[in-house]
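Chains as they are written, first to last, in this note's numbering: chain A, 171 to 292; chain B, 5 to 135.
Each residue gets a CB set at the ideal place from its N, CA and C atoms; glycine is no exception.
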Amino acid sequence: MSDDPQGQDPAQDDEPDVRFTYANERTFLAWNRTALALIATGVAATQLLPEFHVAGGRQVLGIPLIALGALVSVTSFQQWRANEKAMRRRQPLPRSPMALVLSIGIGVVAVIAVVLVVRGPK
Amino acid sequence: MGADIPPGSAGRDPGSPDRVSDRVEVAETWDEGLAPQRTQMAWGRTGLAVAATLAVLSRRVWAVGGGLEVAALVLVAAGGLMWVFGMRMSRDLHLHMDPHGLVGSRAFALVSGGTLLLAAGASVFSVVLPH
């Protein structure tokens, strides 16, 4: 590899199966697409939805989505590095809490959306 | 160990006589299959997602109201540029330097940083109320 992602002693590393490397890369890209979708949805919520009865309702709905997108983008890179390191050292892949965090985050936003919709547009 | 492998040679041309290290012997058994094509398509899909996000974020380019919005547009432009450079770097590494798809942490850091900047710009746009 031309660019060691971990800055560790290359003598301890083995070149992993190329298919796993590609899979790790595609997983990173999939998480980034998720982040981009969250960001775009957050912006659309604040910019395109009608005003709600609740003051600042659009921001309450959109800003958590954008923050979740930012979090996903950062953790996707960390996860890629951790996976790469584990594969090169023939260790088990580390577990990521991001699936749980993402599920809870989207669930919370869904609850907010339900409350705003029940209260109705202004 | 890695010094035995010239850039761009590992995993390709398994019959090459200058490949003597154990690492290369392992590499000769690899079958990439369709993984490179699938990864290339994943980059394409992600590029489309970036373009769509930039389109959503740029809809206020012609109606910039104040300093905060200008700052948000600068953040969005910087994020888009980081994505372009990250994707370009990954493509070059795929084509010329690293046949295994290890595009390197710098390309991935650029891509993640670009997404982060887009999120920052989106946050500013969302705090500044819509027109």
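Residue i, enclosing alpha helix (DSSP H) - first and last residue
{"i": "GLN229 (chain A)", "result": "227–258"}
{"i": "ARG265 (chain A)", "result": "Segment: none, ARG265 (chain A) is in no alpha helix (DSSP H) and carries neither H nor E."}
{"i": "PHE190 (chain A)", "result": "188–218"}
{"i": "VAL78 (chain B)", "result": "71–96"}
{"i": "ARG49 (chain B)", "result": "39–61"}
Three-way DSSP call (helix, strand, coil) for residue i in this model
{"i": "VAL128 (chain B)", "result": "helix"}
{"i": "THR119 (chain B)", "result": "helix"}
Closest Cα partner of residue i within the set the options
{"i": "ASN194 (chain A)", "options": "A:VAL287, A:VAL279 and A:PRO264", "result": "A:PRO264"}
{"i": "PRO291 (chain A)", "options": "A:ALA207, A:VAL224 and A:TYR192", "result": "A:VAL224"}
{"i": "VAL287 (chain A)", "options": "A:VAL213, A:ARG228 and A:LYS255", "result": "A:ARG228"}
{"i": "THR50 (chain B)", "options": "A:ALA215, A:ILE209 and A:THR204", "result": "A:THR204"}
{"i": "ALA200 (chain A)", "options": "B:VAL60, B:SER127, B:GLY70 and B:ARG42", "result": "B:ARG42"}
{"i": "ALA237 (chain A)", "options": "A:VAL188, A:LEU272 and A:GLN261", "result": "A:LEU272"}
{"i": "LYS255 (chain A)", "options": "B:GLU36, B:GLY108 and B:GLY37", "result": "B:GLY108"}
{"i": "ALA280 (chain A)", "options": "A:ARG196, A:VAL230, A:ASN202 and A:LEU206", "result": "A:VAL230"}
{"i": "PHE112 (chain B)", "options": "A:ARG260, A:GLN249, A:PRO186 and A:GLY277", "result": "A:GLN249"}
{"i": "SER130 (chain B)", "options": "A:ARG260, A:PRO267, A:ALA269 and A:LEU218", "result": "A:LEU218"}
{"i": "PRO154 (chain A)", "options": "A:GLN261, A:ILE209 and A:GLY232", "result": "The first residue shown for chain A is 171 and the last is 292, placing residue 154 (chain A) beyond what the model contains."}
{"i": "LEU52 (chain B)", "options": "B:TRP87, B:ALA39, B:LEU97 and B:GLY71", "result": "B:TRP87"}
Closer than 8 angstroms to chain C by CB, residue i
{"i": "VAL278 (chain A)", "result": "Among the chains of the structure shown, chain C does not appear; the protein chains present are A and B."}
Next on the checklist: Which residues of the stretch 232–266 of chain A have a Cβ closer than 7 angstroms to any Cβ of chain B? Give them in chain order.
Outcome noted: GLY232, ILE233, ILE236, GLY239, ALA240, SER243, VAL244, SER246, PHE247, TRP250 and ARG251
Checklist entry - Between the stretch 226–243 of chain A and the stretch 83–94 of chain B, do three or more beta carbon pairs fall short of 8 angstroms? => result no
Next on the checklist: Under 7 angstroms, CB to CB, which of the residues in the stretch 35–62 of chain B have a partner in chain A?
Outcome noted: GLU36, GLY37, ALA39, PRO40, ARG42, THR43, ALA46, TRP47, ARG49, THR50, ALA53, VAL54, ALA56, THR57, VAL60 and LEU61
Next on the checklist: Whether or not the stretch 68–86 of chain B and the stretch 119–129 of chain B are in contact is what I'm after, with contact meaning three or more pairs of Cβ atoms, one per stretch, closer than 8 angstroms; do they touch?
Outcome noted: yes
Next on the checklist: Residues of the stretch 66–96 of chain B in Cβ contact with chain A at a cutoff of 7 angstroms, in chain order, please.
Outcome noted: none
Item to check | Cβ-based contacts, 8 angstroms cut-off: residues of the stretch 187–210 of chain A near chain B | outcome: ASP187, VAL188, ARG189, THR191, TYR192, ALA193, GLU195, ARG196, PHE198, LEU199, ALA200, ASN202, ARG203, ALA205, LEU206, ALA207, ILE209 and ALA210
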